[in-house]
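First residue of the sequence shown? That's 1 in UniProt numbering, and the numbers climb one at a time after it. Yeah, the Cβ is synthetic: ideal placement off N, Cα and C, and Gly gets one too.
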Amino acid sequence: MASIRFIHSADLHLGSPFSGMKGLGTEQWKQLQHSTLKAFERLISYTLETHPDFLLIVGDIYDGEDRNLRAQHRFQQGMEQLHDAGIPVFLSHGNHDHLSGGAASFELPPNVHVFQDSVENISLEVSGQTVSIAGFSYGRRHVTESMIEHYPDKETGIVQIGMLHGSEESDTEHAVYAPFRKEQLLAKNYDYWALGHIHKRQQLSADPPIVYPGNLQGRHRKESGPKGFYDVVLTDGHAELEFIAAEAVRFERIAIDCSGVQHMNELFSIIKEQLETQDAEALVCDLELQSPDDSTLLMLEDIPQAELVYAMREALSEQQRFVHISSVQLDKGNLTAELSPFGKQLADRLQDWEAGDWKEALKELYNHPKSGRFLPQLNDGLQSELQMEAVAKIRKMMALEDQR
């Protein structure tokens, strides 16, 4: 049996607004705003250069149901390039860009098959073999029912691939859409399950592969590390997967060993050296100062975090590439033992806050007739930033108070 080769991508989120980011220079902000489109261009370029048998895009092509016009145009241009090269594309819409949202403004070329809101099974011939691809698009934003029972069983003698934008029933970290159990997917006997919706790259099964490629471009600190897609080769029931990085800007959390540091110039030098080891083209990073001893704490205790971050950004301004310090935190593990029981309870309580808790706490500020219109959108990125800063403030203030 000849090999079948395809690209598995998901969660492009073209047109992401990156609201909640602050402290960026003008050029850095432009580069960040353009990053989802740049990552998409890299996906298209790689596909054109390597010419796979087909390309899969498993949901959330656009960041919102209004489908940003510029993002739509760039996507349509990319599909036209693949059409000219004779590369089929199979795509589904997810919870962010569901079919009930804004109507598409650009017609896609005939090489692109868009799944509708019920499961379809589309077949094509690849090197004399029949390949069937099953999938569906979200007809509305919230698809909470399981869709697995609507997927056909594999037929004898064909290669069967499933596309599914959804999450495991047991997932407690994300909103559960189109829920499934791994056992249900395995029972279908498919050769490959191409998943989307979860932005963390992971493989739920190796044989057969059940794979989340993660999103194409990180959008905040929770989406750290390399982002991209998979180049997949199927041969006689065996799969080979190669991850291809595509992100234009990488979000990263970087640990800095600051034990024995007594002066700020020492700390800045260590940070510069550590950042030079990062291979990212552009970097937005949270720094975690680990192993602080008494001399380090004494040096940092009276410096506001905002001033420390600003000074570090200025020290890195001569860097040739885009490097942005988003936050600086003391290692929480070192300070947890020094907290009083009340301080620990307060910090742990904040760690468990969800979107509704933050909205309730900040509603007077956001509803203020003068100040409210100047505040950034209270999205996941900003909530995470507020949470980290609040918990770090509690830990630092109470731990240092106990030392006095």
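With DSSP as the reference, please indicate the residues paired to residue i in a beta bridge.
| i | result |
| --- | --- |
| S327 | D286 |
| P209 | A206 |
| F54 | F6 |
| V114 | L91 |
For residue i, does the three-state DSSP call read helix, strand or coil?
| i | result |
| --- | --- |
| W29 | helix |
| V309 | helix |
| L37 | helix |
| A239 | strand |
| D231 | strand |
| Q203 | strand |
| L297 | helix |
| H244 | The question names His, yet the displayed sequence has Ile at residue 244. Three-state result, I244: strand. |
| residue 405 | In this structure the chain extends from 1 to 404, so residue 405 is not present and cannot be described. |
| E155 | coil |
| L14 | strand |
| E318 | coil |
| E168 | strand |
| T144 | coil |
| R221 | coil |
| H98 | coil |
| L48 | helix |
| G356 | helix |
| H150 | helix |
| E65 | coil |
| Y366 | helix |
| A175 | coil |
| L346 | helix |
| L43 | helix |
| A361 | helix |
| L375 | coil |
Taking the alpha helix (DSSP H) that residue i falls in, what are its first and last residues?
| i | result |
| --- | --- |
| residue 405 | As displayed, the chain neither begins before 1 nor continues past 404, which places residue 405 out of reach and without an answer. |
| L195 | No alpha helix (DSSP H) contains L195, which is instead part of the beta strand (DSSP E) from Y192 to G196. |
| R5 | It is not in any alpha helix (DSSP H) - R5 instead sits in the beta strand (DSSP E) that spans I4 to S9. |
| G162 | It is not in any alpha helix (DSSP H) - G162 instead sits in the beta strand (DSSP E) that spans V159 to H165. |
| D60 | D60 -> no alpha helix (DSSP H), and no H or E assigned at all. |
| L69 | L69 to D84 |
Tell me where the beta strand (DSSP E) around residue i begins and ends.
| i | result |
| --- | --- |
| A134 | Q129 to G135 |
| L185 | Looking at the DSSP string, L185 is not in any beta strand (DSSP E); the run it does join, the alpha helix (DSSP H), is K182 to A187. |
| F106 | No beta strand (DSSP E) holds F106; DSSP gives it neither H nor E. |
| A255 | R250 to D257 |
| V126 | E120 to V126 |
Is it right to say residue i is buried, meaning 16 or more other beta carbons lie within 10 angstroms of its own, or is it exposed?
| i | result |
| --- | --- |
| A255 | exposed |
| Q217 | buried |
| residue 409 | The question about residue 409 has no answer here: the residues shown for the chain are numbered 1 through 404. |
| A337 | Because the pLDDT at A337 is just 44, under 50, the model does not fix this residue reliably, and the value given afterwards should be weighed accordingly. So A337 counts as exposed. |
| S167 | buried |
| Y212 | buried |
| N367 | exposed |
| N215 | buried |
| R67 | buried |
| R181 | exposed |
| H142 | exposed |
| A206 | exposed |
| G86 | exposed |
| L335 | Confidence at L335 is low in this model, with a pLDDT of 45, below 50, so its placement is unreliable and the value that follows should be read with caution. L335 should be labelled buried. |
| D11 | buried |
| G157 | exposed |
| G78 | buried |
| T172 | exposed |
| G237 | exposed |
| H199 | buried |
How about residue i and residue j: do their beta carbons lie closer than 7 Å?
| i | j | result |
| --- | --- | --- |
| S224 | R253 | yes |
| A245 | G228 | yes |
| L283 | V323 | yes |
| N95 | Y151 | no |
| I325 | R313 | yes |
| I122 | I161 | no |
| V89 | L99 | no |
| F106 | Q76 | yes |
| L316 | L289 | no |
| A71 | G15 | yes |
| H222 | Y190 | It is Lys, not His, that sits at residue 222 in the sequence shown. Cβ atoms of K222 and Y190: not closer than 7 Å. |
| E110 | S146 | Sequence inspection shows Pro at residue 110; the Glu mentioned does not correspond to that position. No, they are not a contact pair. |
| L24 | V249 | no |
| H13 | D60 | yes |
| V119 | S92 | no |
| Q262 | S295 | yes |
| Y230 | H8 | yes |
| I84 | R5 | Note that residue 84 is Asp in the sequence shown here, rather than Ile. For D84 and R5, no; Cβs fall outside 7 Å. |
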